[in-house]
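These notes concern the structure reproduced below.
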Amino acid sequence: MADPALEAAILWLKAQPDVRYAEARLVDETGERLRVRDGRPEQVTAEASRGVGIRVLGSKTWGFACTADTSEGALLATARRALEIARASGSVATRAVALPEQAAQRGTYATKLAVDPFTVPLETRLAAIDGPARALRTGDARLKSAEAWMDWTRQHKRLVTTEGTDVSQSLTFGACGMQVFTIGDDGRSQRRSFPTFQGGDGFQGGYERIAGLGLDGATDRVKEEALALLTAPPCPAGNTTVILDSGQMGLQIHESCGHPTELDRALGSEISLAGGSFMQPSMLGKLRYGSPAITLVADATSEGGNGTFGWDDEGVPAGKRALVERGLFVDYLSSRETAAALGRASTGTMRSESWNRPPIIRMVNVSLEPGAGGTLEDLVADTDDGILVSTDKSWSIDDLRLDFQFSCEIAWEIKKGRRVRMVRDPFYRGITPRFWGSCDAVCGPAEWRLWGITTCGKGDPVQMMQVGHGASPARFRGVDVGSSS
Amino acid sequence: MRADALLSLAKEVLASAGEPEVELTVRMTERGCARVAMGELGQHMELVEPQAVVRVAQGARVAETVTSRLDRDALVEAVHKTAAAARLVPEVEGFAGFTGAGEPTGAAPSRFAEATARATPEERVERLAPVLAAVRKAGLVSAGMLETRTQAQATATTRGCARSYDGTFSVFKVWALETPGAGGAAGYGGHAHRDVTALALEAETARAIRVCKESHSPASLEAGNYDVVMEPEAVAELLEWLASIAFGAPEVEQGSSPMAGRLGETITGEGIDLVEDPLSDDPALGFGCPFDREGTWRRRVPLVDKGVARAVLYDRAHAKRAGTASTGSALLPAMGQAGGVGPTALSLGAGTAASAEELVAGIERGLYVCRLHYVNGLVEPRRAVMTGLTRDGCFLVEHGRIGRAVGNLRFTDSFLEGLARCDGMTAARKAIPTWWSDDGAIVAPAIRMRAWRFNGASQERPKL
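Chains as they are written, first to last, in the numbering used here: chain A, 49 to 533; chain B, 4 to 467.
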């Protein structure tokens, strides 16, 4: 991905006396989005985007500018503009940003894949989702609507910095799933999604991943559950034991661990959209975030993860680090600048949505290490009284990431170690460290699955990002539950 | 780049490509965003967002390309590739063809301000400097953003539709905070206007400081049903979700919308008027492009009239399937999502109260809510049940007066049922930009709703 204009822009910036650091990032992205609904194509969209973003640290603070014109002249003008912005902002800065040096990085990284999805004929890809979507709507008039989707994105990017870093990466993201809506005689509506909630079904890899999802084989179960929910009783309210399946664990980790461990939030850089964090720097190494069963890691090296890469967008190599170790809060998702504020090294999580946004701290693959709880059925068998919940339906958490309430598509009551009946519209709520502190069992490696959220929003203007979460099902004691209906 | 240049480009591409059925929308958004955090101007950026959306039809087979490349050759190539893809896809039931030359247009409201379009990094810094100083002087920490935005958009079709639009938008958001990221008291101020020079920076900053100071040491409050007065920012959060789940034809077709099967029924209180009002010529309330992504001229659509569900919003295909006309509500792809159908200028009608304090005067014991956080409207969409929390100012109301601050609380309630219990709204309304869309804003008054359900007590929050 050679582009000498990038070097020219960086060389010019390096020659400016008040430039302490600068990076130029070329992003060339192609994608395709397919969606079918009720027997017709809703979306057949190809996507292309290409440009360069330049971020400059002047004598005091940052400036960012970008351009879709990748000629040398345009990049030099963009570099000048980014520096002008940094100078303008510096005029009101009360302190200079501290940015530790990063050793120069060189190399390439690419998603491992067996079958390039962009070589698979469009008709084949459409048929792969149209068949399951049609099957979901067949056999009962209460099956009101069904849809399925398949998205692919390939992002080539090259980062060149004034520190000598020059790295190129090619990342291939996919997402695929389906859902059905039912409407009962009383006008109530239910939804069942597969393999998890829409937007939680992402990964990195090739077309070989589609067959592994098993959409065709799941249609009968999905629509049977969607129909059964219409007449299922509401989830009883109370304080009980809750088992979250693997997919719901992904959402739980995302909202109540991933976001509060973002150091920019904790320091106050994300107030204007997302909020702050209850996990403050003074609590590092002291806060009992969860029970000893809980070890959460930030792993940008997990194979096939939505948050996997070679280097982050300020040239820090990907790595794996514990955020919570046996229940104790030990580290943040951080950048070079924010980590330096705590006297620490960056954990390599600066990522940008595209060429026309600056990098900010984003989750990588934030995952729960598997435990010793055996299989999901072992865990159910070991539970005397409680509910098993699956597939997120709504999510809400406060601006410090403490007070959450999540509702799910489906739940089953558990009595004496057995699933006794399906219940509808379940929700559970809690306070983050109390909730994680109540976890007494995490299923083992056989149940561990890496999920991928495709639309995590953060920043202002907001940036969407692919992030990953691996988890096995887990059990939590003394949780408030109820029915949203 | 201005809209007339984009329209010329679009026409040239259509003429050069030689395909008979093409729709091309071209948009260029240029944004200057000066973002404040921890009392410093930490992220200051100039963003360009070029976007072309090409749709090509082969009969009723339709494919689409979205690209950031706005040069002629790239767009011609995009048309050809899209045409090839369209030959391979199944037919779209109800495809109505692209917009033609003879379709209605109207007078476009003026939405362009030179001062916003010309704003430089130095000007943004100059405007923000007193804001930073005022919050600092108050012993608090500032956060927020000043954005100046220019948007040009053009749509052309091979059936002769040709539209163009130039607009500007500026928005100011400011927080005054007791602590930068760890919670504590917070106050918010915000203002949107097409003209950056009309933004009330000083007044909104003073408001943020005042609310933050009044929010110090909040009391705990039990969960329960409370009469509430919500400021426009809080009402807009709920309306955003209603816009997302209720008024688009796809959600109605799918059956998940609370409007599905209920047109003509009373769905909320008789004092409630909800209108999609994209052509408002009020300079303080009207934003966005006067035509949609298909080139259809937008129009005013009463969605809920005196509490009765009256209409939903359509693009051309959904309208044809429903046997009606497009309302000009086809949305451009944004935020990684496909372009859908829905409102961009949802407006809740005004009431008669002279002020929010007048609404408060009618409450014996309740809450005054400045803003909401992380509302989610997917809890039970058919009833518009939503959950979320208060943020940036929540105060106890006793004997008709605003009293001490209370800690943030979680609510879970049906917004439509809440509006059925709405018995007061202010005459003054405010435009609140949505965070996920460049296209418009929600317009809302302050409202009073009886017995709004808070299912989470505020004392739960700080105890770890």
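Where is the CB? At the ideal position from N, CA and C, for every residue including glycine.
Using only the alpha-carbon positions, how far apart do E43 (chain B) and S19 (chain B) sit?
Using only the alpha carbons, I get a separation of about 50 Å.
For A263 (chain B), count the other beta carbons within 10 Å of its own beta carbon; 16 or more makes it buried, fewer makes it exposed. Which is it?
Per the 10 Å Cβ criterion, buried.
Does the beta carbon of Q111 (chain A) come closer than 8 Å to any beta carbon on chain B?
Note that residue 111 (chain A) is Gly in the sequence shown, not Gln. For G111 (chain A), the answer is yes, since a Cβ of chain B falls inside 8 Å of its Cβ.
Chain B within 8 Å of Q227 (chain A), Cβ atoms only
No - not a single Cβ of chain B is within 8 Å of the one on Q227 (chain A).
Below-8 Å beta-carbon distance, Y377 (chain B) vs any chain A residue
Interface with chain A (8 Å Cβ-Cβ cutoff): Y377 (chain B) is included.
With 8 Å as the threshold, decide whether the Cβ of S247 (chain B) is near any Cβ in chain A.
No, no contact with chain A.
Taking 8 Å as the threshold, find out whether the segment 366 to 374 of chain B comes into contact with the segment 119 to 134 of chain A through three or more Cβ pairs.
Result no; under three Cβ-Cβ pairs closer than 8 Å.
With 8 Å as the C-beta to C-beta threshold (strictly closer), list the residues of the segment 432 to 456 of chain A near chain B in chain order.
For the segment 432 to 456 of chain A, residues whose beta-carbon sits nearer than 8 Å to a beta-carbon of chain B comprise K441, S442, W443, S444, I445, D446, D447, L448, L450, D451, Q453 and S455.
Closest Cβ-Cβ distance between L467 (chain B) and chain A: below 8 Å?
Note on L467 (chain B): pLDDT 43, under 50, position unreliable in the model; no value is reported.
Once you ignore the five residues that flank F457 (chain B) on each side, which residues in its own chain have a CB closer than 7 Å to its CB?
Correct list, in chain order: A226, G227, Y229, L412, R413 and F414.
Chain-ordered neighbours of C36 (chain B) on chain A, where CB pairs are closer than 7 Å
Contacts between C36 (chain B) and chain A, judged by CB atoms closer than 7 Å, involve P509 in chain order.
Determine the burial state of T160 (chain B): buried for a count of at least 16 other Cβ atoms within 10 Å of its Cβ, exposed for fewer.
T160 (chain B) should be labelled buried.
Should V468 (chain A) be labelled buried (16 or more other beta-carbon atoms within 10 Å of its own) or exposed?
It is exposed - the Cβ of V468 (chain A) has fewer than 16 other Cβ atoms within 10 Å.
With 8 Å as the threshold, decide whether the Cβ of T153 (chain B) is near any Cβ in chain A.
No - not a single Cβ of chain A is within 8 Å of the one on T153 (chain B).
For Q514 (chain A), does the count of other Cβ atoms within 10 angstroms reach 16, so buried, or fall short, so exposed?
Buried, because 16 or more other Cβ atoms sit within 10 Å of the Cβ of Q514 (chain A).
Using a Cβ-Cβ distance under 8 Å, would G235 (chain A) count as near chain B?
So yes, G235 (chain A) belongs to the interface.
Outcome for E537 (chain A) when other beta-carbon atoms lying within 10 angstroms are tallied against a minimum of 16:
Outside the displayed range of chain A (49 to 533) lies residue 537 (chain A), so it cannot be described from this structure.
List, in order along the chain, the chain A residues whose C-beta lies closer than 7 Å to that of N411 (chain B)?
Those within 7 Å of N411 (chain B) in chain A are D446.
On a Cα-Cα basis, can you pick out the residue from B:E420, B:A13 and B:A444 that is closest to R162 (chain B)?
When B:E420, B:A13 and B:A444 are compared, the shortest CA-CA separation from R162 (chain B) is found for B:A13.
Delimiting residues of the beta strand (DSSP E) encompassing H204 (chain A):
Where H204 (chain A) is concerned, the enclosing beta strand (DSSP E) starts and stops at L191 to T209.
Helix, strand or coil for E33 (chain B)? Go by DSSP, reduced to three states.
It is a strand residue.
For F129 (chain A), which residues in chain B fall below 9 Å Cβ to Cβ?
Reading the sequence as shown, one finds Arg at residue 129 (chain A) and not Phe. The answer, in chain order, is E49 and P124.
What residues are listed by DSSP as bridge partners for V75 (chain A)?
DSSP output for V75 (chain A) lists A:G99 and A:K205 as bridge partner(s).
For S260 (chain B), I'd like the list of residues in its chain whose CB is within less than 8 Å of its CB, leaving aside the five on either flank, ordered along the chain.
Within the same chain, S260 (chain B) has close Cβ partners I248, A249, F250, G251, E254, V315, P384 and R385.
Identify which residue in B:A203, B:A104 and B:E80 has its Cα closest to the Cα of P133 (chain B).
Residue nearest to P133 (chain B) within the set B:A203, B:A104 and B:E80 is B:A203 (criterion: CA-CA distance).
Check whether the Cβ atoms of Q227 (chain A) and S216 (chain A) lie closer than 8 Å to each other.
For Q227 (chain A) and S216 (chain A), no; Cβs fall outside 8 Å.
Short of 8 Å in beta carbon distance, which residues of its chain neighbour A63 (chain A), apart from the five on each side in sequence? Order them along the chain.
Apart from sequence neighbours up to five positions away, no residue of its chain approaches A63 (chain A) with a beta-carbon distance below 8 Å.
Please tell me whether M233 (chain B) has its Cβ less than 8 Å away from any Cβ of chain A.
It does not: the Cβ of M233 (chain B) has no partner Cβ on chain A nearer than 8 Å.
S304 (chain A) CB to nearest chain B CB: under 8 Å?
It does not: the Cβ of S304 (chain A) has no partner Cβ on chain B nearer than 8 Å.
Please work out which residues of its chain come closer than 6 Å, Cβ to Cβ, to P481 (chain A), disregarding the five sequence neighbours upstream and downstream, and give them in chain order.
Here the set comprises Y337.
Can you tell which of A:G478, A:C305 and A:K506 has the C-alpha that lies nearest to the C-alpha of V529 (chain A)?
Among A:G478, A:C305 and A:K506, the Cα nearest to that of V529 (chain A) belongs to A:G478.
Boundaries (first-last residue) of the beta strand (DSSP E) holding K176 (chain B):
Segment A165 to L180, the beta strand (DSSP E) holding K176 (chain B).
Under three-state DSSP, which class holds P465 (chain B)?
For P465 (chain B), the predicted model reports a pLDDT of 44, less than 50, meaning its position is unreliable; a value from the coordinates is still stated below. Three-state result, P465 (chain B): coil.
Against chain B: residues of the segment 189 to 223 of chain A by CB proximity under 8 Å:
So the list reads K192 and S193, given in the order they occur along the chain.
Any beta-carbon of chain E closer than 8 Å to the one on P89 (chain A)?
Of the protein chains in the structure, A and B, none is chain E.
Any beta-carbon of chain B closer than 8 Å to the one on V527 (chain A)?
Using a CB distance cut-off of 8 Å, V527 (chain A) does not count as an interface residue toward chain B.
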